[in-house]
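Residue 583 in the UniProt record's numbering sits at position 583 of the sequence shown, and the numbers go up by one each step.
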Amino acid sequence: MKAFAYIAASVGVAAATFQGPQEPDTVQGAFIYEFEDGYTMSEFQSSFGEDITVRKSFDSDIFRGASIQFKNDTNVEQAMLQISQSTKVKNSWPVHKFYVPETQADNADGPFKLKGKLGTRSAQGSPDSHVDMITGSDDTSADPPHRMMQVDQLHKKGLTGKGIKVAVIDTGVDYKHPALGGCFGPNCLVSFGYDLVGDDYWGGNEAVPDSDPMDCDGHGTHVSGIIAAQKNPAGFIGVAPGATLGHYKVFGCQGYTTTEVLMEASILASREKPDIISTSIGSFGNWPDAWAVLMNRLADQGIMSTVANGNAGFVGALGTNPMALGDKLLGVASFNNIETPAVYHVGKVGAEGSEMANFSHAVSWPVGGWDGKPGPLVALYHDVSTPKQACDPLPNDTPGLKGKIVLVGLGGCHPYYKAVNIAAKGGSHIIFYSATDSFRPVWAAADGIKGATVISAKDGMMWTEALKNGAKVMATVMHPKDASLIFQTSPNKISGGAPSTFTSWGPTLDMQFSPDIAGPGGNILSTIPTVDGSYEVFSGTSMATPMIAGVLALMKEGRQGKLDVKLARQLLAITGKPHMFNNGKTQMDRLAPVAQQGPGMAQAFDATFTKSLVYPYSLSFNDTTHKPSNFTLKISNTGSTKVEYNIGQVAASSIYLLAKDARSTDVFPHEHFKSTTELQLSQKKITVEPGKVGEVQVSITSSMADELRRVPYHSGYVTINGTDGSALSVPYQHVGTEFQSIPAMPAGSTEIWNSTDWEAGPIKTPTHFILPKQGTAQWGDEVPFLRSGLILGTRYLDMRVIDVKTNANIGSVAMLPEKNIPRFFAWYMWDGALADGSYVPEGRYKITARGLRVFGDPKNPKHWDSDTSLELSISYKK
Numbered sequence: 001m002k003a004f005a006y007i008a009a010s011v012g013v014a015a016a017t018f019q020g021p022q023e024p025d026t027v028q029g030a031f032i033y034e035f036e037d038g039y040t041m042s043e044f045q046s047s048f049g050e051d052i053t054v055r056k057s058f059d060s061d062i063f064r065g066a067s068i069q070f071k072n073d074t075n076v077e078q079a080m081l082q083i084s085q086s087t088k089v090k091n092s093w094p095v096h097k098f099y100v101p102e103t104q105a106d107n108a109d110g111p112f113k114l115k116g117k118l119g120t121r122s123a124q125g126s127p128d129s130h131v132d133m134i135t136g137s138d139d140t141s142a143d144p145p146h147r148m149m150q151v152d153q154l155h156k157k158g159l160t161g162k163g164i165k166v167a168v169i170d171t172g173v174d175y176k177h178p179a180l181g182g183c184f185g186p187n188c189l190v191s192f193g194y195d196l197v198g199d200d201y202w203g204g205n206e207a208v209p210d211s212d213p214m215d216c217d218g219h220g221t222h223v224s225g226i227i228a229a230q231k232n233p234a235g236f237i238g239v240a241p242g243a244t245l246g247h248y249k250v251f252g253c254q255g256y257t258t259t260e261v262l263m264e265a266s267i268l269a270s271r272e273k274p275d276i277i278s279t280s281i282g283s284f285g286n287w288p289d290a291w292a293v294l295m296n297r298l299a300d301q302g303i304m305s306t307v308a309n310g311n312a313g314f315v316g317a318l319g320t321n322p323m324a325l326g327d328k329l330l331g332v333a334s335f336n337n338i339e340t341p342a343v344y345h346v347g348k349v350g351a352e353g354s355e356m357a358n359f360s361h362a363v364s365w366p367v368g369g370w371d372g373k374p375g376p377l378v379a380l381y382h383d384v385s386t387p388k389q390a391c392d393p394l395p396n397d398t399p400g401l402k403g404k405i406v407l408v409g410l411g412g413c414h415p416y417y418k419a420v421n422i423a424a425k426g427g428s429h430i431i432f433y434s435a436t437d438s439f440r441p442v443w444a445a446a447d448g449i450k451g452a453t454v455i456s457a458k459d460g461m462m463w464t465e466a467l468k469n470g471a472k473v474m475a476t477v478m479h480p481k482d483a484s485l486i487f488q489t490s491p492n493k494i495s496g497g498a499p500s501t502f503t504s505w506g507p508t509l510d511m512q513f514s515p516d517i518a519g520p521g522g523n524i525l526s527t528i529p530t531v532d533g534s535y536e537v538f539s540g541t542s543m544a545t546p547m548i549a550g551v552l553a554l555m556k557e558g559r560q561g562k563l564d565v566k567l568a569r570q571l572l573a574i575t576g577k578p579h580m581f582n583n584g585k586t587q588m589d590r591l592a593p594v595a596q597q598g599p600g601m602a603q604a605f606d607a608t609f610t611k612s613l614v615y616p617y618s619l620s621f622n623d624t625t626h627k628p629s630n631f632t633l634k635i636s637n638t639g640s641t642k643v644e645y646n647i648g649q650v651a652a653s654s655i656y657l658l659a660k661d662a663r664s665t666d667v668f669p670h671e672h673f674k675s676t677t678e679l680q681l682s683q684k685k686i687t688v689e690p691g692k693v694g695e696v697q698v699s700i701t702s703s704m705a706d707e708l709r710r711v712p713y714h715s716g717y718v719t720i721n722g723t724d725g726s727a728l729s730v731p732y733q734h735v736g737t738e739f740q741s742i743p744a745m746p747a748g749s750t751e752i753w754n755s756t757d758w759e760a761g762p763i764k765t766p767t768h769f770i771l772p773k774q775g776t777a778q779w780g781d782e783v784p785f786l787r788s789g790l791i792l793g794t795r796y797l798d799m800r801v802i803d804v805k806t807n808a809n810i811g812s813v814a815m816l817p818e819k820n821i822p823r824f825f826a827w828y829m830w831d832g833a834l835a836d837g838s839y840v841p842e843g844r845y846k847i848t849a850r851g852l853r854v855f856g857d858p859k860n861p862k863h864w865d866s867d868t869s870l871e872l873s874i875s876y877k878k
């Protein structure tokens, strides 16, 4: 097999920290093929078996086909061409890698990320024996996320999701957690499920499935608690505590999972006939793959699917998780909790020989090294105002830190780098103190560090002063499974109730709406494995997605089972509650773009009981070339009395999709401006009799005064307020220029980099590369990396090798042309191989990249852009 790698798009990496492209986000040489009806696996193998190994076969009414791996000695390009030309193969996709989503958070100090494995499967703990409710309420109806979604109102009507089955595809679930029922199997809260991979699976090894979906990460347990947690000492319950859960574990304790594992999980889950499948997994891009196609088909079996819209908000618009796309599922955005919960652990501190006092702390990663034994504190700095503490290697005269608990301030750099420098001096346990009296867990899992936690600025100052004055201070930190817990909440006065800064933005490049709905996902308290402390606050669209899954369960119960995904999408969209734009620090006086928040926050009570319906429930006016002349809104009155509706419009904040130089997409928070569009409504008031339908025509005009080359994006809402008390809205969007006028790639963006010298940047003069022997190159070898800049992304990308002497096109780089490449940069490791399986002769070449414009016709040469690199020459090792 050729040593060639497709490299995932780089996303806004600063030049000063750039370390080259990351490893491929696809499994090299692995592809999924969908068969035509009547074509069998045995026929496929008999035709192509010499070149392939079957990774997984699919034979269900949802999907028929196979995931295959090309053998190492196979001419992959030629074999792929042969398969693609078969009339029995209808679709093909690469096999993608998927990692457990990093949890996110928005706070006053800006966004930060938490990630990592929280524990191991073998240890067990009992949460109720070590939980102290210090603050909070026993009234679970006061749960802030539930109030945001009107879930509390449905609970008051006795709706709990009883009789509804929700399947979760995630990292597993700690079903022994008392808040999750304490058992697994029939008559348990978690009554069905499967482990498709085994604990030791990391993505590149063989899966060892078993029937026990126990969580060894924590993500899946948190998701499960959001849906169906029972009453517990933390003072919350799930959105649908009466629902029955299933869980399909698709991750081991570390690493990644793959497309075909997710597909198999979806098929297995569908056989249990769940009402809803909730999946908080995805990637960055703009086009669906095989799993997304399968998820959309589940609707034909009556299954509603919720999928996380993604946590790539920092890249701005056009960043939707491709798994969340489709008109038969719900892609879910995140809003921040109106209150900020916190889970603190209780430790002990005091001068040696004196009585120990309690202190609050936030156990951080790594968690496992705290054993509850007293340890001596040592402060690296006696002045808490010292900036950038431990951000640089510690001085040579720093006393050995072995056996000590190191006290150090946060700020100036990522805590991980502080941990690296502390570990270099023998330190293994760290207590960080915050710059304020609010504090959250951090990631400090450097080699050699066994335990980390965070305390308040007040405690940090007091302890540092005591150590400065010569006191011998001892601290005791328990393992999370043994420590007492403190629960606290405080109002989120900065961004509470607003779209989270991390939530991924739509729309798609063909102007489909995304996201479909939003739920609370920023700062959410839920369950984690008992071994890790039982309860924790996570953030992400991963948390918003099970919120909506729970809402669907309540809606289906409340509507006596009369709910499918089409109706659910409509009800949630027209009753959604939009919010003002917030950049994480300040709030704007205009609504957030529809691309960020979709219809807005789900309003579960209104969606369940509204008697007024509107179709279509979203209006995409596309770009100026593909703009429909108008839409007809049909307003249905399903009630028993006539209703008079007032029709209006509210514009959201407009943004530019491209940066000021128009050579790349703009990033969060985007440049905002007041909308220059206006809707024309055929009537502003309409009366609809019971059982009847009224119609309103809607069209749009937009000013041409905007910077069209930067692609202005306009959006907002048609408002429909009825005398029956209904307050409905329909989101609209429009791009005020022609998408096809935007080049696929900016001039001068096709570059050649040396894989062993990323700091040097792209080559600036003709450069010679000595390549490995043909067919032997591996990841990490010194080879040219070919980079092509993409403004919006492209459905087709090609790179042609041009002979400098003759100006002849020698052929396309191996594995190209490629479909559906996301924006920013596409990277390719090149060992001299061409798409036809041959290798270029030694010589001098340039690379010409070609990309198809959005809405372009591949057969029309005018719809392609090209850009040529500097010269490189190559020879091969003998």
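Beta carbons: idealized from backbone N, C-alpha and C, even for Gly.
* Residue(s) in a DSSP beta bridge with Tyr248 -> According to DSSP, Tyr248 bridges with Ile169 and Tyr194.
* **One or two residues paired with Val332 in a DSSP bridge** => Looking at the DSSP output, Val332 sits in a beta bridge with Ala308 and Ile517.
* Asked: For Val473, which beta-bridge partners are listed by DSSP?
  -> According to DSSP, Val473 bridges with Ala351.
* **C-alpha gap between Gly851 and Ile574, whole angstroms** => Cα to Cα, Gly851 sits roughly 38 Å from Ile574.
* To do: Mark Cys216 as exposed unless 16 or more other C-beta atoms lie within 10 angstroms of its C-beta, in which case mark it buried.
  => By the neighbour-count criterion, in which a residue is buried when 16 or more other Cβ atoms sit within 10 angstroms of its Cβ, Cys216 is buried.
* Put Val667 into one of helix, strand or coil per three-state DSSP. => Here DSSP, grouped into helix, strand and coil, assigns Val667 to coil.
* Taking Cβ positions, are Gly716 and Ser675 nearer each other than 8 Å? -> Result yes, Cβ atoms of Gly716 and Ser675 sit closer than 8 Å.
* Asked: Does DSSP put Trp463 in a helix, in a strand, or in coil?
  -> In the structure shown, Trp463 falls within a helical segment according to DSSP collapsed to helix, strand and coil.
* According to DSSP, which residues form a beta bridge with Gly694? -> By DSSP's assignment, Gly694 forms a beta bridge with Ile635.
* **Glu264 (DSSP reduced to helix, strand or coil)** => Helix at Glu264.
* Asked: Do three or more CB pairs link the segment 241-254 to the segment 282-294 at distances below 8 Å?
  -> Not touching, per the Cβ criterion.
* Would you call Lys577 buried or exposed, if buried means 16 or more other Cβ atoms sit within 10 Å of its Cβ? -> Classified as buried, Lys577 has 16 or more neighbouring CB atoms from the shown chains inside 10 Å of its CB.
* Asked: Run through DSSP, which three-state label would Gly313 get?
  -> Assignment of Gly313 by DSSP, reduced to helix, strand and coil, places it in the helix class.
* Can you give me the Cβ contacts of Ile528 inside the same chain, cut-off strictly under 7 Å, excluding the 5 residues immediately before and after it? => For Ile528, where only same-chain residues beyond five positions count, the Cβ hits under 7 Å are Leu118, Gly218, Thr221, His222, Ser534, Tyr535 and Glu536.
* Relative to the alpha-carbon of Gln733, which residue among Leu245, His177 and Pro593 has its alpha-carbon at the smallest distance? -> Comparing Cα positions, the closest option is Pro593.
* For the segment 180-195 against the segment 630-649, are there 3 or more C-beta pairs whose distance is under 8 Å? -> Verdict: no, contact absent.
* Asked: Is the CB-CB distance between Ser788 and Met745 below 8 Å?
  -> Yes.
* To do: Between the Cα of Lys846 and those of Ser86, Thr453 and His768, spot the shortest distance and give me the residue it belongs to.
  => Selected option, being the one with the closest Cα: His768.
* Closest to Ile791 by CA distance: which of Asn337, Leu407, His96 and Leu657 is it? -> Comparing alpha-carbon positions, the option among Asn337, Leu407, His96 and Leu657 lying closest to Ile791 turns out to be Leu657.
* With a Cβ-Cβ cutoff of 8 Å, do Ala475 and Leu380 count as a contact? -> In this structure, Leu380 does not lie closer than 8 Å to Ala475 by Cβ.
* Select from Asn311, Asn469 and Ala333 the residue whose C-alpha is nearest the C-alpha of His382. => Checked all of Asn311, Asn469 and Ala333; the closest Cα to His382 is Asn469.
* Grab the span of the beta strand (DSSP E) containing Tyr713 for me, first residue to last. => DSSP places Tyr713 inside the beta strand (DSSP E), whose first and last residues are Pro712 to Gly722.
* First and last residue of the uninterrupted alpha helix (DSSP H) at Asn421 -> Asn421 -> alpha helix (DSSP H) spans Pro415 to Ala423.
* Asked: To which residues does DSSP link Thr527 through a beta bridge?
  -> DSSP lists Tyr535 as partners of Thr527.
* Presumed contact (8 Å Cβ cut-off) between Gly326 and Asn358, rounded CB distance -> Between Gly326 and Asn358 a beta carbon distance of about 51 Å is seen, past the 8 Å cut, so the two are scored as non-contacting.
* Asked: Which of helix, strand or coil does DSSP assign to Gln150?
  -> When secondary structure is reduced to three states using DSSP, Gln150 falls in the coil class, being assigned neither helix nor strand.
* For Ser84, count neighbouring C-beta atoms within 10 Å of its own C-beta (all shown protein chains included) and say buried if the count is 16 or more, exposed if not. => Burial call: exposed.
* Asked: How long is the line joining the alpha carbons of Thr836 and Leu298, rounded to whole angstroms?
  -> For clarity, residue 836 is Asp in the given sequence; the question names Thr instead. Linking Asp836 to Leu298 through their CA atoms gives a straight-line distance of about 38 Å.
* Asked: To which residues of the same chain is Ser364 closer than 8 Å at the C-beta, ignoring the five residues directly before and after it?
  -> Result list for Ser364: Pro415, Phe432, Pro441, Val442, Trp443, Ala444, Ala452, Thr453 and Val454, in chain order.
* Beta-carbon separation of Gly522 and Asn336 under 8 Å? -> It is a contact, given that the beta carbons lie within the stated cut-off.
* Between which two residues does the beta strand (DSSP E) harbouring Ala544 extend? -> For Ala544, no beta strand (DSSP E) segment is defined; the enclosing uninterrupted segment is the alpha helix (DSSP H) at Thr541 to Gly558.
* Could you name the residues of the same chain whose beta carbon sits closer than 6 Å to that of Ser866, not counting the 5 residues immediately before and after it, in chain order? => Around Ser866: Thr848 and Arg850.
* Look up Val384 in the DSSP assignment and say whether it is helix, strand or coil. => Three-state DSSP puts Val384 in coil, outside helix and strand.
* Asked: Beta carbon of Gly519, beta carbon of Thr320: below 8 Å?
  -> No.
* Helix, strand or coil: which one does DSSP assign to Ser869? -> Of the three classes helix, strand and coil, the one that applies to Ser869 here is coil, per DSSP.
* Does DSSP classify Trp287 as helix, strand or coil? -> Secondary structure at Trp287: coil, using DSSP grouped into helix, strand and coil.
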